[in-house]
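Remarks on the structure that follows.
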Amino acid sequence: MQDNATAPSLDYVTSCTLPTPWAQFTLHAFVEHSIPGQGPGSKEHLAMVLGDIGDGEPVLARVHSECLTGDVLFSQRCDCGAQLEGALKKIATEGRGVLLYLRQEGRGIGLVNKIRAYRLQEAGADTVEANLQLGFHADARNYELCKPMLEQFGVRSLRLMTNNPRKIDALTKLGIEVSERVPLLVNRNAFNNNYLNTKAAKLGHMMTPVTEPVEDGQL
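Per the UniProt record's numbering, residue 1 is the first one in the sequence shown, and the count goes up by one each step.
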């Protein structure tokens, strides 16, 4: 985690309506400004909001890190795209909630390095080993931006859709109350079975109950 003295600044920019197959959300845009001399320039982050989330009651929420391969290109190597869709469906069903979309691809290592990590996985490394072999942490994500993003909407407490206890711990340390963990177990298949098992074994993700992976011929 970065300390407050060196944390990047975050600006709220604008919003628009975003109709989806499940509900019409309001899409909000934020720009994160990096510290001069520390990494690349600004990043753009998003929040998708449905209903009144500033009334002080716990809000159904998902903090989702960008996964272009899973969210956009339909990769079955992970569960990211299915988690994104599943979270939006749950929010739509409830009629109230927020999804923060953070631009930290590949657990924070970036898109090109994630593809390098995929290559190492094809040679036998698991998802944690691949990141370490590339010289990165197993999980280099940072959740500090969640606090000002949620404060923008007056959100005080989350019913967080996640399987990751480290995410809950990180948000709690930032002063964000997580009143409930809502499991988000989706899309276990023959291509991501080892990936999901590694998340459970090495990163502590709560992946039970598990479903048996489908066979290749069933995909």
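Where a beta carbon is used, it is the ideal one built from N, C-alpha and C, also for glycine.
message: Suppose contacts are defined by Cβ-Cβ distances below 8 Å. Is Q121 in contact with T127 by that definition?
response: Here residue 121 refers to the residue found at position 121 of the sequence shown. Here residue 127 refers to the residue found at position 127 of the sequence shown. Cβ distance < 8 Å, so Q121 and T127 count as in contact.
- request: For S34, count neighbouring C-beta atoms within 10 Å of its own C-beta (all shown protein chains included) and say buried if the count is 16 or more, exposed if not.
  value: In the sequence shown, counting from the first residue as 1, residue 34 sits at position 34. That one is exposed.
message: To the nearest angstrom, how far is the alpha carbon of residue 237 from that of A123?
response: Nothing in the structure corresponds to residue 237, since the chain is present only between 1 and 219.
field: The beta strand (DSSP E) enclosing A47, as first and last residue numbers
entry: Working through the sequence shown from its first residue, we reach residue 47 at position 47. Counting along the chain, the beta strand (DSSP E) containing A47 begins and ends at 43–50.
message: Looking only at its chain, what residues have a beta carbon closer than 7 Å to the beta carbon of F153, apart from the 5 residues adjacent to it on each side?
response: Start at 1 with the first residue of the sequence shown, and residue 153 comes out as number 153. Once the five neighbours on either side are set aside, the close Cβ partners of F153 are V49, I53, G54, V98.
field: As assigned by DSSP and simplified to three states, the class of L10
entry: Walking along the sequence shown from the start, residue 10 turns up at place 10. L10: strand per DSSP, three-state reduction.
query: Does the distance from the CB of G108 to the CB of R141 come in under 8 Å?
result: In the sequence shown, counting from the first residue as 1, residue 108 sits at position 108. In the sequence shown, counting from the first residue as 1, residue 141 sits at position 141. Yes; because the gap between Cβ atoms is below 8 Å, this pair is in contact.
message: For a quick check, are the C-beta atoms of N164 and M207 less than 8 Å apart?
response: Against the sequence shown, residue 164 aligns to sequence position 164. Against the sequence shown, residue 207 aligns to sequence position 207. The Cβ-Cβ distance between N164 and M207 does not fall below 8 Å.
query: From G51 to R96, what distance separates their C-alpha atoms?
result: By 1-based counting over the sequence shown, the position of residue 51 is 51. By 1-based counting over the sequence shown, the position of residue 96 is 96. In a straight line, the C-alpha of G51 is about 5 Å away from that of R96.
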